[in-house]
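To keep things clear, I will list the structure first and then write my remarks on it.
Residue numbers (my numbering): 17 to 585.
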């Protein structure tokens, strides 16, 4: 019941307790009734001021003398509802409707209480009681339909919507509500019937046309779906959803020319917003991702995404989409160009810097990573990824002194737990190169605490211990765990082989390191290790063979010359 109806109740009470309006004859009012009326008015004032406790006190006092007054009972019900006491709210609300059954607001109020309480039947009963006195009241009918819908009685809701249609005539929104209910019930024929009526009422409504086309597709009537979408495109050639639905049909039927024409016309239309073009380009990219084996789809996606980026050079999302596409298709040169463009458009965007440096790092272009590091660190300070790729580049180039501050900063920057594990593992490698033994051990341990599945840290820690000849049994366990996770890794096979060598298990050592060589990824160090094992097995000829191969692989290993000379004696 609206607040103004409370005021009406007050006026009604005043009229009951005072001389009749327009008459000279007065109604006798006792002092107790006059006092009760004052309590009632004060209680309403307290309620409006949200002083619910005082309102209850005053209205309860009024109710002692005016218990048969509908307005007093309604007011008590409203206060109890505001305080969350649904039981008392329903009790006094029911009394109000009994005393004054023709007041529709009392019934609606009671229905609301029962709806909040989850008492579906009681709520519906209250609406139907109100309809007995106001059978064509559209406000009551709308609320009843909404209640049926809320509680999942969708066919009953549609029955009420039919009553409203009889009162209002053909109303688009009522048919829309019926469509939604039939659709939720998966009653396809009934749903389509509503859509066809809606289409007739408002032929320019694109949402109706889209829904209708999808129903026809579900019924395998692609011809009707296409016809409807072409009609939608005629009504608004720039609507992205229409173009996406049409594109889906074109892709399904391998109509690549139609697909390309649709998207190119969209890209060339200056009245279509870049954000709408982005939605369409992303749709096509997603289709390619789902069907990467379709070469023609890859070409179409590439053409559209590239054209989009070219047409919108200052629109960062267009460049980001193009960079992602080029990365996925392995065109790293084009991807780097787009990432650089994003760096210029939005220098504070961290993802573009991270991706750019990661691609350069993966291409072993370490000098370029280092060259970008100062600018990247200024634009996106305290970024763990930027600092990591810089430090890792220095480390790979054999400059642990320069790598150290970058990696130490990276471990203090915010990052996810598993990436922090990688950071500490790399920092431990730097400490190892700088012969900071205790720091290296602590960093390796921290890496494994952060991520017990970091097999690269396991391997490097194990190898570090083996080189120092310390805790070899612990080193072996670490190496075994690493090799379980990546059994074809040449470096891991070399590590476990070298630990066995240190433990005196020469045959096991030889077996693992030969496996490392057979992967085709073995380094000069692995070849040298195999030579050392053959030497320990008293096989100088094979020892010399593998030392020579190691020297050919890495001419900086000058110490191999002495091993080779000694093997010739």
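For every residue, glycine included, the Cβ atom is placed at its ideal position computed from N, Cα and C.
1. Going straight from the alpha carbon of residue 471 to that of residue 434, what length do you get?
2. If you follow the alpha helix (DSSP H) that residue 109 is part of, which residue opens it and which one closes it?
3. Smallest Cα separation from residue 443: which of 464, 420, 461, 465?
4. Once you ignore the five residues that flank residue 41 on each side, which residues in its own chain have a CB closer than 6 Å to its CB?
5. When DSSP labels each residue in this structure, what does residue 336 get in the three-state scheme?
6. Three or more C-beta pairs closer than 8 Å, one from the stretch 550-557 and one from the stretch 530-538: is that the case here?
7. So, for residue 38: in the same chain, excluding its five sequence neighbours on each side, which residues have a beta-carbon less than 6 Å away from its beta-carbon?
8. Use the C-beta contact count for residue 544: other C-beta atoms within 10 angstroms, 16 or more gives buried, fewer gives exposed.
9. In three-state terms, what does DSSP make of residue 98?
10. Is it true that the CB of residue 317 sits closer than 7 Å to the CB of residue 304?
11. How do the stretch 443-452 and the stretch 412-431 stand: do at least 3 beta-carbon pairs fall below 8 Å, yes or no?
12. List the endpoints of the continuous alpha helix (DSSP H) containing residue 393.
13. Cβ of residue 547 within 7 Å of Cβ of residue 559?
14. Quick one, are the C-beta atoms of residue 95 and residue 68 less than 7 Å apart?
15. Counting only the same chain and skipping the five closest in sequence on each side, list residues whose C-beta sits under 6 Å from that of residue 99.
16. What whole-angstrom Cβ distance do residue 56 and residue 75 have, given they're in contact under 8 Å?
17. If the criterion is Cβ atoms closer than 7 Å, does the pair residue 177 and residue 161 meet it?
18. So what's residue 165 in DSSP terms, helix, strand or just coil?
19. What do you reckon, are the CB atoms on residue 127 and residue 112 nearer than 7 Å?
20. Using a 10 Å radius around the Cβ and a threshold of 16 neighbouring Cβ atoms, would you call residue 188 buried or exposed?
21. Is it right to say residue 529 is buried, meaning 16 or more other beta carbons lie within 10 angstroms of its own, or is it exposed?
22. Quick check on the burial criterion: 16 or more other C-beta atoms within 10 angstroms. Buried or exposed for residue 494?
23. When the Cα of residue 59 is compared with those of 79, 193, 271, 132, which residue comes out closest?
24. Residue 227 and residue 211 - do their beta-carbons sit closer together than 7 Å?
25. Using the Cα positions of residue 566 and residue 311, report the straight-line distance between them to the nearest angstrom.
26. Evaluate residue 575 with the Cβ neighbour count: other Cβ atoms within 10 Å of its Cβ, from every protein chain shown; 16 or more gives buried, anything less gives exposed.
27. With DSSP collapsed to three states, give me the class of residue 416.
28. Let me make sure I understand the geometry here. Which of 500, 349, 92 has the alpha-carbon closest to that of residue 71?
29. Determine the direct distance from the alpha carbon of residue 375 to that of residue 348, and round the result to whole angstroms.
30. In its own chain, which residues sit with a C-beta less than 6 Å from the C-beta of residue 276, not counting the 5 before and 5 after it?
31. Using C-beta distances below 6 Å, list every residue in its chain close to residue 482, excluding the 5 sequence neighbours before and after it, in chain order.
32. How would you call residue 46, buried or exposed, if buried means at least 16 neighbouring beta carbons within 10 angstroms?
33. Between the alpha carbons of residue 370 and residue 469, how many angstroms are there, rounded?
34. Could you check which residue in 146, 400, 186, 201 has the C-alpha nearest to that of residue 173?
35. Check the C-beta distance from residue 298 over to residue 355 and give it rounded, since I have them as a contact under 8 Å.
36. How close, in whole Å, do the beta carbons of residue 146 and residue 124 come, if the pair is a contact with beta carbons under 8 Å?
This is what the structure holds:
1. Within the chain shown, the letter at position 455 stands for residue 471. Within the chain shown, the letter at position 418 stands for residue 434. In this structure, the alpha-carbon of residue 471 lies about 12 Å from that of residue 434.
2. Here residue 109 refers to the residue found at position 93 when the chain shown is read from its first residue. 102-115 is the extent of the alpha helix (DSSP H) around residue 109.
3. Residue 443 sits at position 427 when you count from the first residue of the chain shown. Of the candidates 464, 420, 461, 465, 420 places its Cα closest to the Cα of residue 443.
4. Within the chain shown, the letter at position 25 stands for residue 41. At residue 41, the pLDDT of 37 sits below 50, so the modelled position is not reliable and the matter cannot be decided from this model.
5. Here residue 336 is taken as the residue at index 320 of the chain shown, counted from 1. Helix, per DSSP.
6. Short answer: they don't touch.
7. Here residue 38 refers to the residue found at position 22 when the chain shown is read from its first residue. Note that residue 38 scores a pLDDT of 31, beneath 50, so its modelled location is shaky and nothing firm can be said.
8. Walking along the chain shown from the start, residue 544 turns up at place 528. Burial is judged here by how many other beta carbons sit within 10 angstroms of a residue's own beta carbon; residue 544 has at least 16 and is buried.
9. Stepping through the chain shown from its first residue, residue 98 is reached at position 82. Three-state DSSP puts residue 98 in a helix.
10. Residue mapping note: residue 304 aligns to position 288 of the chain shown, counting from 1. Residue mapping note: residue 317 aligns to position 301 of the chain shown, counting from 1. In contact: residue 304 and residue 317 (Cβ atoms closer than 7 Å).
11. As far as the Cβ criterion goes, the stretch 443-452 touches the stretch 412-431, which means the pair count is three or higher.
12. Stepping through the chain shown from its first residue, residue 393 is reached at position 377. Residue 393 -> alpha helix (DSSP H) spans 382-395.
13. Counted from its first residue, the chain shown places residue 547 at position 531. Counted from its first residue, the chain shown places residue 559 at position 543. Judged by their CB atoms, residue 547 and residue 559 are nearer to each other than the 7 Å cut-off.
14. Along the chain shown, one-based indexing puts residue 95 at 79. Along the chain shown, one-based indexing puts residue 68 at 52. It is a contact, given that the beta carbons lie within the stated cut-off.
15. For this step, residue 99 is matched to residue 83 along the chain shown. The residues are 68.
16. Indexing the chain shown from 1 puts residue 56 at position 40. Indexing the chain shown from 1 puts residue 75 at position 59. A Cβ-Cβ distance of about 7 Å is found for the pair residue 56 and residue 75, placing them in contact under the 8 Å criterion.
17. By 1-based counting over the chain shown, the position of residue 177 is 161. By 1-based counting over the chain shown, the position of residue 161 is 145. Yes. Within cutoff.
18. As a first step, residue 165 must be located in the chain shown, where it is residue number 149. Residue 165 falls in the helix class under three-state DSSP.
19. One-based indexing of the chain shown puts residue 127 at position 111. One-based indexing of the chain shown puts residue 112 at position 96. Going by C-beta atoms, residue 127 is not nearer than 7 Å to residue 112.
20. Translated into the one-based positions of the chain shown, residue 188 becomes position 172. Flag for residue 188 reads exposed.
21. On the chain shown, residue 529 is found 513 positions in, with the first residue counted as 1. Counting Cβ neighbours within 10 Å, residue 529 comes out buried, since at least 16 surround it.
22. Translated into positions along the chain shown, residue 494 becomes position 478. That one is buried.
23. Position 43 of the chain shown, counting from 1, holds the residue named residue 59. Comparing alpha-carbon positions, the option among 79, 193, 271, 132 lying closest to residue 59 turns out to be 79.
24. Here residue 211 refers to the residue found at position 195 when the chain shown is read from its first residue. Here residue 227 refers to the residue found at position 211 when the chain shown is read from its first residue. Yes, the pair counts as a contact, with Cβ atoms nearer than the cut-off.
25. On the chain shown, position 550 is the one that residue 566 refers to. On the chain shown, position 295 is the one that residue 311 refers to. Annotation: residue 566 to residue 311 spans about 44 Å, alpha carbon to alpha carbon.
26. For the purposes of this step, residue 575 is taken as residue 559 along the chain shown, with counting starting at 1. Exposed, by the Cβ-count rule.
27. Within the chain shown, residue 416 is the residue found at index 400, counting from 1. Here residue 416 sits in helix by DSSP.
28. Counting from 1 along the chain shown, the entry for residue 71 is found at position 55. Out of 500, 349, 92, the CA that lies nearest to the CA of residue 71 is found in 92.
29. Locating residue 348 in the chain shown gives position 332, where the first residue counts as 1. Locating residue 375 in the chain shown gives position 359, where the first residue counts as 1. Whole-angstrom Cα-Cα distance: 7 Å.
30. Here residue 276 is taken as the residue at index 260 of the chain shown, counted from 1. Around residue 276: 316.
31. Position 466 of the chain shown, counted from the start, is the residue given in the question as residue 482. A distance below 6 Å between beta-carbons, with the five flanking residues on each side excluded, links residue 482 to the following residues of its chain, in chain order: 491, 514, 515, 518.
32. Sequence index remark: in the chain shown, residue 46 carries index 30 (1-based). Residue 46 is exposed by the Cβ-count criterion.
33. Here the question's residue 370 lines up with position 354 in the chain shown. Here the question's residue 469 lines up with position 453 in the chain shown. So the alpha carbons of these two residues sit roughly 24 Å apart.
34. As a working note, residue 173 is residue 157 in the chain shown. Ranked by Cα distance from residue 173, the options 146, 400, 186, 201 are led by 201.
35. Walking along the chain shown from the start, residue 298 turns up at place 282. Walking along the chain shown from the start, residue 355 turns up at place 339. Contact doesn't hold; Cβ gap of about 18 Å is too wide.
36. Walking along the chain shown from the start, residue 146 turns up at place 130. Walking along the chain shown from the start, residue 124 turns up at place 108. The Cβ separation is near 7 Å, so the contact holds.
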